[in-house]
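Under my numbering, the first residue of the sequence shown carries the number 3, and numbering increases by one thereafter.
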Amino acid sequence: MTAPILFGIDPDETWRYIPKAVQAAGLALPAFTLKAPSLALATKRDALLAKIRKAAREDAAEALETIYRLGKTDAAESEELAQARSAWLAAWVKAAAAHSEEDAELTAKFFAECLVGWDGLSTAAGKALEFGNYKGRLLEVIRGPLVEELVDVMAAGADITEEEAVGLPSEQGSQSA
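Shown next as structure tokens:
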């Protein structure tokens with residue numbers, strides 16, 4: 003049995019992450035060394051996502067109702083459902099664009115706080131990139147969809163897994179009953 007978690011996430015714990023595209027290619031490099039964000043940073047990201055979600059819901063309320071109504075049926079993808087999903091996506095993109103400056107600021111903070119290293123990252127010409135040389139310019143090196151993928155993985159590091167939750171005091175009380 004492992005000791006219960008009493009104080010939350012270990013701020014010094016790191017893990018190795020291999021991006022989805024690298025995994026899909028059957029490779030092990032490049033890989034990134036990540037750590038969980040501080041509670042303050044994770045909370046700011048949650049608040050930003052809540053603002054985006056609220057704005058998108060307000061903009062595409064009818065589309066969401068259609069998605070919920072038609073998404074619960076076993077029927078094949080209908081034109082109405084496809085249009086509703088498209089409207090929801092457009093509303094999300096519009097809401098995200100309205101908060102792009104805040105998102106860029108949080109992304110930079112996530113990279114500065116949670117990306118602690120990498121292995122096997124190189125230029126298109128094959129020159130190895132040493133992490134220490136780019137510490138203040140991480141978003142110049144890592145771009146595109148990988149940025150969002152890494153931020154999502156870093157943010158997930160602040161979540162408590164089911165295995166960890168077993169040791170939490172609230173769980174202990176329910177186990178002893």
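C-beta atoms are modelled at their ideal positions from N, C-alpha and C, and glycine is treated no differently. All values reported here derive from a predicted model rather than from experimental measurement.
Would residue i and residue j be called neighbours here (beta carbons separated by less than 8 Å)?
i: Leu72; j: Glu82; result: yes
i: Thr109; j: Val153; result: yes
i: Thr16; j: Leu31; result: no
i: Ala93; j: Ala62; result: yes
i: Ala160; j: Pro39; result: yes
i: Phe113; j: Leu140; result: yes
Using the three-state DSSP reduction, which class does residue i fall into: helix, strand or coil?
i: Asp48; result: helix
i: Leu29; result: coil
i: Gly73; result: helix
i: Ala2; result: Nothing can be reported for residue 2, as the shown portion of the chain is limited to 3 through 179.
i: Ser80; result: coil
i: Ile54; result: helix
Around the C-beta of residue i, are 16 or more other C-beta atoms found within 10 angstroms, so that it is buried, or is it exposed?
i: Leu29; result: exposed
i: Leu43; result: buried
i: Ala86; result: buried
Can you tell me which residues form a DSSP beta bridge with residue i?
i: Ser124; result: Ala130
i: Tyr19; result: Phe34
i: Gly159; result: DSSP, once it has assigned bridges, lists no residue as partnering Gly159.
i: Gly119; result: Thr35
Flag residue i as yes when its Cβ comes closer than 7 Å to any non-hydrogen atom of the ligand COA, and as no otherwise.
i: Val118; result: Because no ligand of any kind appears in the structure shown, any question about the ligand COA cannot be addressed here.
Taking residue i and residue j to be in contact with their CB atoms under 8 Å, please state how far apart those CB atoms are, rounded to whole angstroms.
i: Lys46; j: Glu151; result: Not confirmed; about 19 Å, so no contact.
i: Trp120; j: Ala49; result: In fact, because the Cβ distance is near 29 Å, the residues do not count as touching under 8 Å.
i: His101; j: Lys137; result: The Cβ separation is near 27 Å, so there is no contact.
i: Leu131; j: Val143; result: 6 Å
i: Ala57; j: Ala97; result: 4 Å
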